[in-house]
Amino acid sequence: MAWFGLPARSRKSDPIHWFSICSPIASSVSLSLLLPLRIQGLRRPQDDALHLQLGSRRTHVHVLLLMAKPMAGVYLLTDGPFKGSQPHGSQGPWRHRLVGKTIIGLRQAPGLWELALEEGQVLALNWRRRQAGLRLQDHSILGGDWQSSLPLETPYPTEEFLAKRRQEQVDSWRAREQGRISKQMDELRRADPGDPEGLRAFGQRLSSLRHQVTQETEVFLLPSFDGEAPADRIDRRRGESLQDRVDRFYKEARREERRQKGRADRLEHLQARWVAIEGEEPPRRTVQPAAGPARGRAEKGVRRYCLPSGRDVFVGKDASSNHRVTFGLGRGRDLWFHRRNGPGPHVLLRRGKGETVPEEEVHLAAALALRFGPRGTEPQEEVRWTERRFLDPVPGQPGKVLVREERVLLVNLSHFQAAIENLLNR
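Anchor point for the sequence shown: position 246 equals 244 in my numbering, and the numbering is continuous, going up by one each time.
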C-alpha cells in the first residue's frame, strides 16, 4: 500500500494535511482530509450546495458539500472557488456563524454528516430527501467516536465537476420522464378497448324490435331476432323512452369510437416522446412574466398556479370567478379548458406571443379542469379546449360561454395526480 501527500497549495516546508490511499488491487481512490481545520471562507451558491475553504495557517483546500441528488456528498475541488450565480439568501448569515470556527471531528451516517466545532456546536449536513439541509446544533444526534479526518469523493476541477453534475441531472430527468411515459403507455394498453359496434348493434335491434320490447321501470327486456335466446336486460333511466334509449346507444357508440381514436393518438404521441427524450434536456424557467395586472395577486375566488416552465394557470371557483378568469384575465392567445360533458371550472393557461405550449402542459391544464370539477364515473373524460379569442360571453349568464371553435382531449385524471399535487403544494 502506498501513501502519498497531495496538498492543494503549500510550500515545500508545509506539513501534509490531506492524503490519498491507493490500493494495488482496487481501481478506486479514497481521499481523506485530516482534522482539525479552520473554516476560512464560505459560499452558498444555491440552496443544496455549500462551498467551504478549509485549512490551517499554510494549507488551504476547497470542499464542496452537496445536499441533494444527483451526486450528493462531499467533494474536493482542485481549483478555485465553486462558481455560482447570485448567492443563496442565507449565505451572509452562515458566513457570520461559521467563518473562523475550527472543525475538530466528524460523525457520519448514510446521507448525514455531523462536523464537531471547537466551540462545542455541531454543524449537520443532511442530504436525505425529506430532511435535506444545513443546521447548526448544540448537540450531536449520532453516536460513536469522532473521526479525525474527512473522507472525500474523487477530486474534480470545478468546471469538470459542474459538467458532470449537469449530465447526471439530465440523465436523471430523462429516466424519470421515460418512466412516467412508460407508465402512461402501459395504462393506455390495459384500458378497456370498448365495443362501439356492439353498442350500435344493440341500438339497431332495439329499434327493429320495438314492438316486442317489454318496458319495465328500470330495464327494457329486448328479445333476440329469432326469439330463441333469452331476452337481454337493457338498463333504463328514469322516465326514459325506448327511442331515447336507442339514441343513447348510438351516442355511446360514437363516444367509444372517439375514445379509441384518442387512445391510439395518445399512445402514438407518447411513443414518439419517449424516443425524443433521449436527445432533450430538462426544461428551464425561461418564460418571462406577463406585463400588466394579470401578473398581480390572483383575484378573490380565482386559483392561480405556476407550472414548472413558469407559465401561469388560473382556475375559477364559481360562475362569477369563471367569468373573471375567461374574460377578465384571459388574453386572446391564452388557452382555455373546460369539461366537455358537464359543469366544471374554467381553466386558463397563459401563453406568450408566438409561443408553442408543450403537449404535457396542455394535458396538465386539461386535468385541472377535471380535478376541480364534479367527479365523473368514467376513468377517462373529455375536455374541450381552445384559444380565448374563440369565446364569447352569454349575456346575463356569468360563467357561460359560446364556443366558436374547439378541440377535444381525452384525459385520464389518474395520470396527472402527482403533477397536480406538486402544483398544489408549491
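Yeah, the Cβ is synthetic: ideal placement off N, Cα and C, and Gly gets one too.
For residue j and residue i, the rounded distance between their alpha carbons
i, j, result
"A317", "H344", "9 Å"
"L265", "I275", "15 Å"
"V27", "I139", "In this predicted model, V27 has a pLDDT of only 47, less than 50, meaning its place in the structure is not dependable; the value taken from the coordinates is given anyway. Using only the alpha carbons, I get a separation of about 30 Å."
"G87", "P377", "45 Å"
"L421", "S54", "47 Å"
"E379", "R163", "41 Å"
"P396", "R322", "9 Å"
"R198", "N339", "21 Å"
"E214", "V406", "37 Å"
"P68", "Q165", "10 Å"
"R301", "V401", "23 Å"
"A364", "D190", "22 Å"
"C304", "R349", "12 Å"
"L200", "R253", "A small fix is needed here, since residue 200 is Phe in this sequence, not Leu. Between F200 and R253, the C-alpha separation is close to 15 Å."
"Q38", "S146", "19 Å"
"G98", "L115", "10 Å"
"R105", "V168", "32 Å"
"V313", "V381", "14 Å"
Beta-carbon gap between residue i and residue j smaller than 8 Å
i, j, result
"D433", "L220", "Because the chain is modelled from -1 through 424, residue 433 falls outside the range shown and cannot be assessed."
"L31", "L121", "no"
"G308", "R337", "no"
"D77", "T156", "yes"
"L333", "W383", "yes"
"P85", "R41", "yes"
"E185", "H361", "no"
"A66", "W144", "no"
"P393", "V399", "no"
"G192", "R257", "yes"
"G328", "R386", "yes"
"H267", "E357", "yes"
"S180", "W272", "yes"
"L48", "T100", "no"
"F218", "L207", "no"
"P306", "E255", "no"
"F159", "L75", "yes"
"G103", "L29", "no"
Simplified DSSP assignment, three categories, for residue i
i, result
"E404", "coil"
"H86", "coil"
"V59", "strand"
"S146", "coil"
"R309", "coil"
"D233", "strand"
"A107", "strand"
"E266", "helix"
"N339", "coil"
"V273", "helix"
"A288", "Residue placement at A288 is poorly supported in this model, since its pLDDT is 41, which falls under 50; the coordinates are not used for a value here."
"R36", "strand"
"F370", "coil"
"T324", "helix"
"F223", "coil"
"P228", "coil"
"S25", "Note on S25: pLDDT 36, under 50, position unreliable in the model; the coordinate value appears next. S25: coil per DSSP, three-state reduction."
Residue i burial status per 10 Å Cβ neighbour count (16 or more: buried)
i, result
"P280", "exposed"
"N320", "buried"
"N410", "buried"
"Q241", "exposed"
"V72", "buried"
"Q182", "buried"
"R133", "exposed"
"E359", "buried"
"Q51", "buried"
"E112", "buried"
"P228", "exposed"
"P108", "exposed"
"A262", "exposed"
"A416", "exposed"
"A367", "buried"
"D310", "buried"
Segment limits, beta strand (DSSP E) that includes residue i
i, result
"P391", "L389 to P391"
"E112", "L110 to L115"
"T384", "Q378 to E385"
"H413", "Per DSSP, H413 belongs to no beta strand (DSSP E) and is neither H nor E."
"L140", "Per DSSP, L140 belongs to no beta strand (DSSP E) and is neither H nor E."
"G433", "In the structure as shown, the chain begins at -1 and stops at 424. Residue 433 is therefore absent and cannot be evaluated."
"H209", "H209 -> no beta strand (DSSP E), and no H or E assigned at all."
"R302", "V300 to C304"
"A72", "Looking at the sequence provided, one finds Val at residue 72 rather than Ala. Its beta strand (DSSP E) spans residues G71 to L75."
Element boundaries [alpha helix (DSSP H), containing residue i]
i, result
"E151", "That residue, E151, is in no alpha helix (DSSP H); it is neither H nor E in DSSP."
"W125", "Neither: W125 is in no alpha helix (DSSP H) and is coded neither H nor E."
"R172", "T156 to R188"
"G196", "P194 to S206"
Closer than 8 Å to chain C by CB, residue i
i, result
"A274", "Among the chains in the structure shown there is no chain C, since it carries only a single protein chain."
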